Every structure is written in C-alpha cells, then in structure tokens.
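Below is one structure, written out as structure tokens; the observations come after it.
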Amino acid sequence: MNFRQMILPAAIAAVAFGTGAIWTIHGRADAEQATAAEMPVLVQPDGSYPVKPLAKDKIVLKVLQTTVDSLSDFPTVEEGLEHNLQHMEKIAAEACSTGKKPDFLLYHEFPLTGYSGGSRTEKLKYTVKIPGPETERLGKIAKDCDTYLVFGTYATDDDWPGHILSINTVIGRDGKVAKAFWKSRNIKRIYPDREITTTTIEAVRDRYRAMYGPEEEFPVLQTEYGNIAVSTVQMDPFIFAAFAMRGTEIMIRTATLFAEEDVTSMARINNFYSTMTNIAFPPTDKYKAGESIIVGPNGEILAKDPSLDKDGIIEAEIPIAEFRKGRKIPNYALDMVQPVLAQYVQEFPLNHLDVPRDQLPETGAAMKELMESVSRFNHPPKD
Numbered sequence: 001m002n003f004r005q006m007i008l009p010a011a012i013a014a015v016a017f018g019t020g021a022i023w024t025i026h027g028r029a030d031a032e033q034a035t036a037a038e039m040p041v042l043v044q045p046d047g048s049y050p051v052k053p054l055a056k057d058k059i060v061l062k063v064l065q066t067t068v069d070s071l072s073d074f075p076t077v078e079e080g081l082e083h084n085l086q087h088m089e090k091i092a093a094e095a096c097s098t099g100k101k102p103d104f105l106l107y108h109e110f111p112l113t114g115y116s117g118g119s120r121t122e123k124l125k126y127t128v129k130i131p132g133p134e135t136e137r138l139g140k141i142a143k144d145c146d147t148y149l150v151f152g153t154y155a156t157d158d159d160w161p162g163h164i165l166s167i168n169t170v171i172g173r174d175g176k177v178a179k180a181f182w183k184s185r186n187i188k189r190i191y192p193d194r195e196i197t198t199t200t201i202e203a204v205r206d207r208y209r210a211m212y213g214p215e216e217e218f219p220v221l222q223t224e225y226g227n228i229a230v231s232t233v234q235m236d237p238f239i240f241a242a243f244a245m246r247g248t249e250i251m252i253r254t255a256t257l258f259a260e261e262d263v264t265s266m267a268r269i270n271n272f273y274s275t276m277t278n279i280a281f282p283p284t285d286k287y288k289a290g291e292s293i294i295v296g297p298n299g300e301i302l303a304k305d306p307s308l309d310k311d312g313i314i315e316a317e318i319p320i321a322e323f324r325k326g327r328k329i330p331n332y333a334l335d336m337v338q339p340v341l342a343q344y345v346q347e348f349p350l351n352h353l354d355v356p357r358d359q360l361p362e363t364g365a366a367m368k369e370l371m372e373s374v375s376r377f378n379h380p381p382k383d
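So, in structure tokens, the structure goes:
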C-alpha cells in the first residue's frame, strides 16, 4: 500500500476535479486556475469547522524527545532500523507507564532514520515505506498503550520514484496508520551553498493535487481527541494560517532544530495548541538541539524539556472540550491585504521538482542550481 491507496476513498471526488491549472517552473499559470465553484469546500464561511464528537473533556499530550543514530552509521539499513525502533519502543514504554496516561505520543522528525548525508541515490537507501514493517511495530505500541502515535521519517513511495519524502505519520489507537502528512514546503535560502532536496507538496503541487485532491494539501485529521495536523515546516506563517483555517485545534510539529519563538507565536496568532518535538544531540558551535515544548493557544509554554542532548518526556493536559466550546477559526485581515497579496510574486514556483527521475537533483548543491535557475527574482516574468 502507498500514500495514494491510503487516502483514495477520501480523494475520489477531488481527483475528478483535476488539476485546474498547469504551472511551469519558469512562469505563471499557463491556463486559468479552477474557479472557486469547482473547488471542494476547504473553509467554512461562518468560521465553523468540521469535528468529531470528543471522547473526553481533557486529553494528555506527551512529547518524546530522543537521540537517534543515522542509518548510514550501521553496517546495514536493517540493523539501523532495528536499533532505532528499539530506542523508540523503550521511551514509549516509559511514557505509557509513568505520569498520566497519554492520548498522543509525539516523536520528532527522524527518530527512525536519523539524518544521512550523501547524494539522492545514496539517501534513497535510508528511507522507509508508509505503511510498512516499521509502522506495524510502532502500531503495536499505539494499540497496547491505547494512544495515537506520531513520528516523522524519510520515506519513499512507489508512485513517486526517485523522490525522497519527508512524512509525518499518525498511527491510531487501533495500531493502524490513520494519516500520512507530506511536508508542505521546504525552507529556502538558509544555506549559502545548497538547498534541501526532499520533495514537498509545493514542489509537485499540481500532480499531487490531481492524485490526492485539494483537501490533502492542508489536511486536518478529525479525531475523538480533537482536530490535529502535523507539520515539519518552520518559519512559515502562511502555512500555519492555512492549517488553522482548515480547523486545526492541535498543531503537532516535528523538527531537527527549531526556534522556540516560531512555535509560540504561531500558536498564539492562530489560536491553537501546539507541540514541537526536537531531536536531541550535544550542542555544537552552530547548533543547539533538544528543549522540546508544548504550547498553549496564548503562546504560553505548558511544558519544556530542559535537556539539549538527552532523551526526555514532557506532558501537558489539554482541556480540549472547554477550548472547543464556541470556538471559530481565526480572524485574519484577508480582505485588507488582498491587493498586496495579489501582486506578490512567489520567488520559487510550484512544481519545480515535477521532473523525470534523471533530472531530479542528486545533491544539495545541484538543488541550489535548480532553484536559482527557476527563481522569479533572478528571472522576473516578462509582461
């Protein structure tokens, strides 16, 4: 089973909608986008949002901050996955047997695979399939503990040959994969000599939309414990505003390093609870890891792991029923800023990685070359 098979029942109607627009990597739309009438309802006009009835008034979130060993450090990928799975199982067992009973166990971005350097061809070896043997193992944890379990990973999908995906997977209380969240987009221009090579929704948006439907671009999973969304995106307020408009109540975030103020400000501005599970490793001259957090809708920190380099568990009880009572989606000044947004040119166009396998950049440096070549700031569109 692949991502397409997982969401196909929900996407059939959306696939019939089609892509609506064909975008090139060098210019604006070659054809008009679909009209609003052709789009499914993504945001309710009265500020409400769809939900499932809550199973209880209060829920418990547990953030599991862990160290991890990269798969490239082991003699075989299988040995590395087994090592990291055992590590994940160990901390989950502790989380399920101490403190309050968890309703969500939240790991960081790469607890299964770690980060491995090298070319695209080399990195493809250090990925997993969702669902797969690893989700079966983790599903046993979720079922035994009667909890949702969320983790990030590098993944591959047969529908996307050659692409390295950054996926956040939600496993339900029944032990089965409930949702796989693609990363919306990568942060750009933070490295002077390279860009991130993983494939995101933005990088293949039109084909992604045609395969899965517009609802899957900012999906929200309605659970009996609240509406959740999961993202590895950072420093990107539009992305989190979109998730908020779609009805997110708990924004679960995963990271390999993060800025605390990004998490607290997004929670406050968008009026949702949020978590950030960070990887743990010893600090260096450039990087400081750890210090995972759970944040309230006023931007207040409800729990924080004090460690930079050690495994840790933090928890917070969320009054989800009280929070939901009378709640509407946030109030944004969209009409006021629309004239500015209408003239803004996004530097990097959609679909820049929707290319044949042999044209996918092999390295971060090659990815930077591609991004510079399609930059609309470098090559302004002509009238």
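For the sequence shown, the UniProt record's numbering gives the first residue as 1, with consecutive numbering after it. Ideal placement from N, C-alpha and C gives every residue a C-beta, glycine not left out. Predicted model only: the values in this text are computed from it and were never measured.
When the Cα of residue i is compared with those of the options, which residue comes out closest?
i: residue 397; options: Asp262, Leu61, Arg253 and Leu112; result: Outside the displayed span of the chain (1 to 383) sits residue 397, for which this structure offers no information.
i: Glu134; options: Lys123, Gln65 and Ile171; result: Ile171
i: Lys175; options: Ala203, Asp146, Met276 and Asn168; result: It should be noted that the sequence gives Gly, not Lys, for residue 175. Out of Ala203, Asp146, Met276 and Asn168, Asp146 has the C-alpha closest to the C-alpha of Gly175.
i: Tyr148; options: His87, Thr223 and Glu89; result: Thr223
i: Leu302; options: Tyr273, Ile164 and Pro111; result: Tyr273
i: Phe377; options: Arg357, Glu347, Val68 and Ile294; result: Glu347
i: Val43; options: Val51, Met245 and Pro237; result: Met245
i: Leu360; options: Asn278, Ile314, Ala203 and Met336; result: Ala203
i: Asp159; options: Lys129, Gly326, Pro237 and Gly139; result: Lys129
i: His379; options: Val345, Arg205, Asp354 and Ile313; result: Val345
i: Gly226; options: Glu78, Leu105, Arg324 and Gly99; result: Arg324
i: Thr248; options: Gly312, Ile228, Glu261 and Gly132; result: Ile228
i: Lys328; options: Asp285, Asn271 and Asp206; result: Asn271
i: Leu221; options: Glu38, Pro53 and Pro45; result: Pro53
i: Val295; options: Arg194, Glu261 and Leu105; result: Glu261
Does the Cβ of residue i have 16 or more other Cβ atoms within 10 Å, making it buried, or fewer, making it exposed?
i: Leu341; result: exposed
i: residue 393; result: No information on residue 393 is available, as it lies outside the stretch 1 to 383 that the chain covers here.
i: Ser166; result: buried
i: Ile59; result: buried
i: Ala365; result: exposed
i: Lys65; result: Checking the sequence shown, residue 65 turns out to be Gln, not Lys. When all chains shown are included, Gln65 counts as buried.
i: Lys368; result: buried
i: Ala95; result: buried
i: Leu81; result: buried
i: Asn168; result: buried
i: Gly139; result: buried
Can you tell me the Cβ-Cβ gap for residue i and residue j, rounded? I've got them flagged as a contact below 8 Å.
i: Glu109; j: Thr264; result: That pair is no contact at about 19 Å.
i: Ile201; j: Tyr208; result: 5 Å
i: Met276; j: Arg253; result: 5 Å
i: Ala267; j: Tyr332; result: The pair is not a contact, with the Cβ atoms about 16 Å apart (cut-off 8 Å).
i: Glu362; j: Arg120; result: 5 Å
i: Val77; j: Leu71; result: 5 Å
i: Glu67; j: Asp311; result: For the sequence presented, residue 67 should be read as Thr rather than Glu. Right, the Cβ-Cβ distance comes to about 6 Å (below 8 Å), so this counts as a contact.
Residue i to residue j, Cα distance in whole Å?
i: His352; j: Glu216; result: 19 Å
i: Tyr287; j: Leu257; result: 8 Å
i: Tyr107; j: Thr156; result: 20 Å
i: Ala29; j: Val374; result: Because Ala29 sits at a pLDDT of 46, beneath the cut-off of 50, its placement in the model cannot be relied upon, and the point is left open.
i: Ala34; j: Ser48; result: Note that Ala34 has pLDDT 48, beneath the 50 cutoff, so the model's placement of it is unreliable and the number below is only indicative. One C-alpha to the other measures close to 24 Å.
i: Ala21; j: Pro349; result: No answer about Ala21 holds up, because its pLDDT of 39 lies below 50 and its placement is not dependable.
i: Glu291; j: Leu112; result: 20 Å
i: Phe238; j: Pro75; result: 42 Å
i: residue 384; j: Pro319; result: Any property of residue 384 remains undetermined from this structure, which presents the chain solely from 1 to 383.
i: Ile269; j: Glu79; result: 43 Å
i: Ser116; j: Ser184; result: 21 Å
i: Arg189; j: Ile196; result: 9 Å
i: Trp23; j: Leu334; result: Residue placement at Trp23 is flagged as unreliable, the pLDDT there being 38, under the threshold of 50; the coordinate-derived value follows with that caveat. Rounded to whole angstroms, Trp23 to Leu334 spans 25 Å at the Cα level.
i: Ile313; j: His87; result: 13 Å
What residues are listed by DSSP as bridge partners for residue i?
i: Ile313; result: Leu64
i: Val295; result: Ser274 and Ile301
i: Gln222; result: Asn227
i: Asn2; result: Note: Asn2 sits in no beta bridge, so no partner.
i: residue 387; result: For residue 387 there is no data in the structure shown, the boundaries of the chain being 1 and 383.
i: Phe104; result: Leu61 and Tyr148
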